[in-house]
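**Q** Quick one: this structure, given as structure tokens, is what I'll be asking you about.
Protein chains: 2
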Amino acid sequence: MQTITLEEIYAPIEASIEKVPAALIEVLGTSNALASEVIQYFFSGKGKLLRPALTLLGAALKQPVYSAQIHPPLHGGKDSHVHAAVGGVSFSPLLGGKDSDVYAAVGGISFPPLVRLSASYEIFHAATLIHDDIIDSAYLRRNIPTINVKWGAPTAVLVGDYLHDKALEVIHTEGSREVFSLFLKTAAEVCDGEIHELSQNKNFGLTEEEYFEIIRKKTAVLLACALESGARYAGCSTEEAAALSRFGHAFGMAFQIVDDCLDFTGNEHEFGKTLGADLEAGVLTLPLIRLLACSGASVRAEIQAVFESGDAGRLRALLEKIRGAKTLDYAFEKARQFSAEARQALQPFPASPAKHSLEKLLDYVLERQR
Amino acid sequence: MQTITLEEIYAPIEASIEKVPAALIEVLGTSNALASEVIQYFFSGKGKLLRPALTLLGAALKQPVYSAQIHPPLHGGKDSHVHAAVGGVSFSPLLGGKDSDVYAAVGGISFPPLVRLSASYEIFHAATLIHDDIIDSAYLRRNIPTINVKWGAPTAVLVGDYLHDKALEVIHTEGSREVFSLFLKTAAEVCDGEIHELSQNKNFGLTEEEYFEIIRKKTAVLLACALESGARYAGCSTEEAAALSRFGHAFGMAFQIVDDCLDFTGNEHEFGKTLGADLEAGVLTLPLIRLLACSGASVRAEIQAVFESGDAGRLRALLEKIRGAKTLDYAFEKARQFSAEARQALQPFPASPAKHSLEKLLDYVLERQR
């Protein structure tokens, strides 16, 4: 039962985050009918917009002015009903609720640079998800069938590439050279992390340290980059940037560990992703790595045999076994440690609504169900 | 029978182009064993290094000094035997023959900025080829099985992404803001062209104009970008950049039309790619588009039926039919027209070895077999 909501956490940046769904659709506007259709479809699945939120919170932390709506309203203030349309198709915003009914005619209105910048981290993230879903042969993402399942791998490869390039284009346009260089380094690390993960597929000797290194690269660095970039955009110092990068990394570790636990314990509908997908794809995550490390040779051999059989029934039984094991608690404890480390990194910053949101985000991640 | 060789054409930039194979391996150096292995494998296939050559010729056209070896030799002059090693593995250079036995210890020697820049266009091109081979399910590339066939789609997706990011990183580091912006725009167009092509798969109503638009985006823009970037790197004027861009576009159109013809007429071993791959994948190219346009309704229906049956024997018969048809001559004539247009674009430039090479490249492309 979630006690903290994203709406609550996003309150200080509400006016900006509400524009992100329309901004990313505007950024991705293309005359290509197939690409438009796929993009519209993908973003109709509700994401958490975590990366744009971090960018916006990073900026608001440094310059509270970014908490308010600093740009002229599009159609008359906060309650304006803004729609997103690309090629005549309407998009519903990602964050439902409210009546944020956002409309952006492509080539018509455009969004504040910071909103576009924040949206580009979501676009990049989407690109990696779309490619990931080819790799994992996942069938469900954000509660809807994956692009890979619906249109096939060729479309998923190319639309992922398109999103990747568009994200780069916007970050290059809106970010400083520093922000862009950070992003390029991050993108390379994310990819390296993914390749590292793939190369360790079904490696039953995978250590905790290697697992941490993989999730640091594939997840934590992008979250850290999004946050640091927002703060840099708002003119933070090198020390502040470093502190936020530390927060982002530790937060990202906690986030991914919990994500990996949810693959075992989650409710598929709430989680929005195929449950047990990692297990089925041969990806070893912390609860299983710990279980293997704590087990005798015969249990390890048994688990390995289940994996290698690829038998759905035996995999389900293993899933149940892990659900009942203490190693899930162990993994959550690790997530809590990273969360505490992240909280520590925020110490130098004076109290502010944005800081409070980042702290609440740490609690949210530990109790999240999706 | 090829009368013009690439060695001859590349003579004015010999000292630089010889470094490209080692430079691109250095750029792509990674501690990731899987990525290293795949990269080593891919580049063991001999490519034409056309894009780096265009960059180097563009620079040499503007500043003949780039024709010579302007940077200190790595291990003592032109005949130095330079090796490429990543993670202890040796790489053979792409351009065989000669005894260009190139050695670059990663983190050790590094290459002149222009060579690195030129190599990055080859790296980007490789990234698109690797993703293309997933899309087309091609089994042969540069005379060796594709990464998709050898390692599977997940590896091909990620290694393609990695190469894409690395190319960007180098162009960002070595190129001016202008050169980098041009590249970002180009990368987006290439991807757009690929999606456009995919969306027109098995569209029997595809017009010649649409086909030209697709190959302009997926092929010509990158060749133009590589050439223009080299000239910009060497300080050319805006007018000169525009002229070279025109050359590159027209040259690229001729290049791709001939490439598409070779899919029908080539010798698989010499061409290095799966013959009839376009036909099998449902990609319509000029010889077939023209055949359809010149045929009556019954022949069109017959061709369409062959396509839709996906029957290998019937596809082979169609391939033979196209080989015998006049529409191949028609396509070659179009290629010749684009080639003439490209030659025209070079007029403002005074005679030089680099200009002569670009002219010879136009002849080479029309008679090439690979």
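Taken in order, these protein sequences are the chains called A and B. Our numbering applies: residue 147 is where the first sequence begins, and numbers increase by one. Our numbering applies: residue 147 is where the second sequence begins, and numbers increase by one. Just so it is clear, CB atoms sit at the ideal spot from N, CA and C, and this is done for glycine as well.
Who are the neighbours of E340 (chain B) on chain A, taking C-beta pairs under 7 Å?
**A** L304
**Q** Mind checking who R287 (chain B) pairs with in its DSSP beta bridge?
**A** B:I290
**Q** Should A458 (chain A) be labelled buried (16 or more other beta-carbon atoms within 10 Å of its own) or exposed?
**A** exposed
**Q** Measuring straight from C-alpha to C-alpha, what distance separates Y476 (chain A) and I449 (chain A)?
**A** 19 Å
**Q** So is G351 (chain B) buried or exposed if we call it buried at 16+ other beta carbons inside 10 Å?
**A** Exposed, because fewer than 16 other Cβ atoms sit within 10 Å of the Cβ of G351 (chain B).
**Q** What first and last residue would you give for the alpha helix (DSSP H) that runs through G351 (chain A)?
**A** From DSSP, G351 (chain A) is part of no alpha helix (DSSP H); its letter is neither H nor E.
**Q** Three Cβ pairs or more, each shorter than 8 Å: is that satisfied between the stretch 337-354 of chain B and the stretch 307-327 of chain B?
**A** Flag = no, the stretch 337-354 of chain B and the stretch 307-327 of chain B do not touch.
**Q** Skipping 5 residues on each side, what residues in its chain have a beta carbon closer than 6 Å to that of V303 (chain B)?
**A** The beta carbon of V303 (chain B) sits closer than 6 Å to none of the beta carbons in its chain outside the five residues before and after it.
**Q** For L174 (chain A) and chain B, any beta-carbon pair shorter than 8 Å?
**A** no
**Q** Roughly how many angstroms lie between the CA atoms of P167 (chain A) and S498 (chain B), to the nearest whole one?
**A** 54 Å
**Q** Kindly list, in the order they appear in chain A, the residues whose Cβ is closer than 9 Å to that of Y308 (chain B).
**A** A334, C337, D338, E340, I341
**Q** How many Å lie between L492 (chain B) and G470 (chain B) at the Cα?
**A** 35 Å
**Q** Looking at the structure shown, is K165 (chain B) part of a helix, part of a strand, or coil, going by DSSP?
**A** coil
**Q** In chain B, which residues lie with their C-beta within 9 Å of the C-beta of A179 (chain A)?
**A** S345
**Q** Find the nearest neighbour of Q490 (chain A) within the set A:F478, A:A481, A:K480, A:E505, judged by alpha-carbon distance.
**A** A:E505
**Q** Is the shortest distance between the beta-carbon of H277 (chain B) and the beta-carbons of chain A less than 8 Å?
**A** When Cβ-Cβ separations below 8 Å define contact, H277 (chain B) makes contact with chain A.
**Q** Show which residues of chain B have a CB atom less than 9 Å away from the CB atom of D409 (chain A).
**A** Those within 9 Å of D409 (chain A) in chain B number zero; the least Cβ separation is about 18 Å.
**Q** What are the complete alpha helix (DSSP H) segments, minimum 4 residues, inside the stretch 422-473 of chain B?
**A** Complete alpha helix (DSSP H) runs here, min 4: 423-427, 432-440, 443-455, 458-470.
**Q** Hey, is the stretch 193-201 of chain B in contact with the stretch 352-362 of chain A, meaning 3+ C-beta pairs nearer than 8 Å?
**A** no
**Q** Can you tell me which of the three DSSP states S177 (chain A) falls into?
**A** Here S177 (chain A) carries a coil assignment [DSSP, helix/strand/coil].
**Q** For the stretch 283-299 of chain A, which residues have a CB atom closer than 7 Å to at least one CB atom of chain B, in sequence order?
**A** A299
**Q** Assess, as a yes-or-no matter, whether the stretch 290-310 of chain A is touched by the stretch 356-374 of chain A under the definition of 3 or more beta carbon pairs within less than 8 Å.
**A** The answer is no - the stretch 290-310 of chain A does not touch the stretch 356-374 of chain A, with fewer than three Cβ pairs under 8 Å.
**Q** Please list the partners that L502 (chain A) has in chain B, where partner means a Cβ-to-Cβ separation under 9 Å.
**A** One point to set straight first is that residue 502 (chain A) is His, not Leu, in the sequence displayed. Result: empty, since nearest Cβ-Cβ is about 36 Å, beyond 9 Å.
**Q** When the Cβ atoms of the stretch 153-162 of chain B are set against those of the stretch 254-268 of chain B, are three or more pairs found closer than 8 Å?
**A** yes
**Q** Can you name, in chain order, every residue of its own chain whose Cβ lies under 6 Å from the Cβ of G298 (chain B), other than the five neighbours on each side?
**A** none
**Q** If we count the other Cβ atoms within 10 Å of its Cβ and call it buried at 16 or more, is N178 (chain A) buried or exposed?
**A** buried
**Q** Excluding sequence positions up to five away, which residues of its chain have a Cβ less than 6 Å from the Cβ of A273 (chain A)?
**A** G306, L309, H310
**Q** Residues of chain D with CB closer than 9 Å to the CB of E505 (chain A), please, in chain order.
**A** The structure shown contains no chain D; the protein chains it does contain are A and B.
**Q** Which bits of chain B does T301 (chain A) rub up against, with CB to CB less than 7 Å?
**A** For T301 (chain A), the chain B residues whose Cβ falls inside 7 Å of its Cβ are L344, in order along the chain.
**Q** By DSSP, does D282 (chain A) sit in helix, in strand, or in coil?
**A** Residue state, collapsed to three classes: coil.
**Q** With a cut-off of 8 Å, does the C-beta of E315 (chain B) fall near any C-beta of chain A?
**A** yes
**Q** Of all the CB atoms in chain B, is at least one closer than 8 Å to the CB of K312 (chain A)?
**A** yes
**Q** Output yes if chain B places a C-beta closer than 8 Å to the C-beta of I280 (chain A); else output no.
**A** yes
**Q** Assuming the contact rule is C-beta atoms closer than 8 Å, A366 (chain A) and R378 (chain A) should be a hit. Round their C-beta distance to whole Å, please.
**A** The pair is not a contact, with the Cβ atoms about 18 Å apart (cut-off 8 Å).
**Q** Between the C-alpha atoms of I435 (chain A) and I361 (chain A), what's the straight-line distance to the nearest angstrom?
**A** So the two alpha carbons sit approximately 14 Å from each other.
**Q** Locate the alpha helix (DSSP H) running through C337 (chain B), then write down its first and last residues.
**A** 323-345
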